[in-house]
Every structure is written in structure tokens, then in C-alpha cells.
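Notes follow once the structure below has been shown.
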Amino acid sequence: MLFFGEYEHTIDAKSRLAIPAEVRDVIDREQIGPALVVAPGTNGSLWMWPEKTFSKIAQAFGGSLLPNAKVAQFERALFSQAARLELDSAGRIRLPDRHLKRFGLAGQVVILGVGQHLELMDVDSWRQQSEADAAMTPDIWEQARQHMEGTMSQ
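According to the numbering used here, the residues represented by the sequence shown are 902 to 1055, in order.
Written out as C-alpha cells, the structure is:
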């Protein structure tokens, strides 16, 4: 399953966010689980994964009782900040207050489909990031191409 698109939505007074219908339509609860897992992403935004996708990624780290220091540090940072959020009957999730505060999320936000996950940002931050990315588009594409070639040759 891949997520695409850019959607502006509102976080309501009860800290609920409606997941866009276009996104909900591709979520097969049997296949991906009944919930989303949210956690800080690598780019300063809040990331959301389908529960089973997040579980598969987490299992890739091995879950060792004695991980090396860097893996242990990463796991602590990720899992301590993660939250499992079930979709209600209206297709909404309730975002934890700690995430709303940390990421400055309130009112209008943008939900981005980014392949295997969704990203949640405030609208102004997204506009600034989008403009900066647009100026670097040729470089970003070239870096992605080089990464893909390196990955495929392994």
C-alpha cells in the first residue's frame, strides 16, 4: 500500500483529525490493522504508519535484548514517543497532546502521503518546506536516482 497526495484538514477542539477519504479508501483494516501508529519522523514532522507496516519495520530491528548502543538509542527515541491510534467510526484519530505540543499542531494542518507513511505538519511549515524543496527538485531527483542505483547494485 502506498499513500499519495496532500490534504489540508483541521484538528478539532477534541484533538481529533479526520483522515482524508482518499487515504481511508486504501486502508484495508484486515491487511494493515485497525489503527495508525504515530511517532516523530526524521524531518521534524509527525509520521503515521499503518499499524502492521510499523510492526514490520520495528521487527526489522531485531528486538534484541542486547542491541548495540545506537540501535538501543534509536529504539528508545522512537518507541517511547510512538502512540497507537485507532480510527473511529467517522475515520478520525485523536492525537496525543504531547504530539500536538511538540510539533506545534493546531487548527489547519496538512497531511502528506509519502509512500508507506503519512506525514502531518502545520500548513505554514509545509508551505516553507515545499518552496525550499521546489528550488532543489533537480538535486533531490538526482540524489534519489543515485540512491536507487546503489540499492539495486547490492
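All residues carry an ideal CB built from backbone N, CA and C; glycine is no exception.
Computed from a predicted structure; not experimentally measured.
Give the single residue among Gly906, Val1015 and Glu976 whose Cα lies nearest to the Cα of Ser956.
Locating residue 956 in the sequence shown gives position 55, counting from the first residue. The option with the nearest alpha carbon to Ser956 is Glu976.
Check each candidate in Leu903, Val924, Leu937 and Ile928 and name the one with the smallest Cα separation from Leu996.
The residue given as residue 996 occupies position 95 in the sequence shown. Per the Cα distances, Leu937.
Exposure of Ala919, with buried meaning 16 or more beta-carbon neighbours within 10 Å
Here residue 919 refers to the residue found at position 18 of the sequence shown. Around the beta-carbon of Ala919, 16 or more other beta-carbon atoms lie within 10 Å, marking it buried.
At the level of alpha carbons, what is the spacing between Lys971 and Ala983?
Counting from 1 along the sequence shown, the entry for residue 971 is found at position 70. Counting from 1 along the sequence shown, the entry for residue 983 is found at position 82. The straight-line gap from Cα to Cα measures roughly 18 Å.
Just to confirm, is the Cβ distance from Gly942 to Glu1020 under 8 Å?
Here residue 942 refers to the residue found at position 41 when the sequence shown is read from its first residue. Here residue 1020 refers to the residue found at position 119 when the sequence shown is read from its first residue. A contact, by the Cβ cut-off of 8 Å.
Out of Trp948, Gln974, Phe1004 and Leu1013, state which residue places its alpha-carbon closest to the alpha-carbon of Tyr908.
Looking up residue 908 in the sequence shown gives position 7. For the residues Trp948, Gln974, Phe1004 and Leu1013, the minimum Cα distance to Tyr908 belongs to Leu1013.
Would you mind stating whether Leu1001 and Val939 have Cβ atoms separated by less than 8 Å?
For the purposes of this step, residue 1001 is identified with residue 100 of the sequence shown, where counting begins at 1. For the purposes of this step, residue 939 is identified with residue 38 of the sequence shown, where counting begins at 1. For Leu1001 and Val939, no; Cβs fall outside 8 Å.
Drop a sphere of 10 angstroms on the beta-carbon of Arg1003, count the other beta-carbons inside from all chains shown, and report buried for 16 or more, exposed for fewer.
Numbered from 1 along the sequence shown, position 102 holds the residue referred to as residue 1003. With fewer than 16 Cβ atoms within 10 Å of its Cβ, Arg1003 is classed as exposed.
Quick check on the DSSP output: the alpha helix (DSSP H) that includes Val924 runs from which residue to which?
The residue you call residue 924 lines up with position 23 of the sequence shown. Note, Val924: alpha helix (DSSP H), Ala922 to Arg925.
How many angstroms separate the CA atom of Asp1040 from the CA atom of Ser990?
As a working note, residue 1040 is residue 139 in the sequence shown. As a working note, residue 990 is residue 89 in the sequence shown. Taking the straight line joining both Cα atoms gives about 43 Å.
Give the C-beta separation of Arg925 and Gly992 to the nearest angstrom, bearing in mind that I take them to be a contact with Cβ-Cβ under 8 Å.
Counting from 1 along the sequence shown, the entry for residue 925 is found at position 24. Counting from 1 along the sequence shown, the entry for residue 992 is found at position 91. Going by Cβ atoms, the distance from Arg925 to Gly992 rounds to 5 Å, so yes, they are a contact pair.
Would you mind giving the Cβ-Cβ distance between Gly1005 and Asp1023, rounded to the nearest angstrom? I have them listed as a contact below 8 Å.
The residue given as residue 1005 occupies position 104 in the sequence shown. The residue given as residue 1023 occupies position 122 in the sequence shown. About 6 Å separates the two Cβ atoms, so the contact holds.
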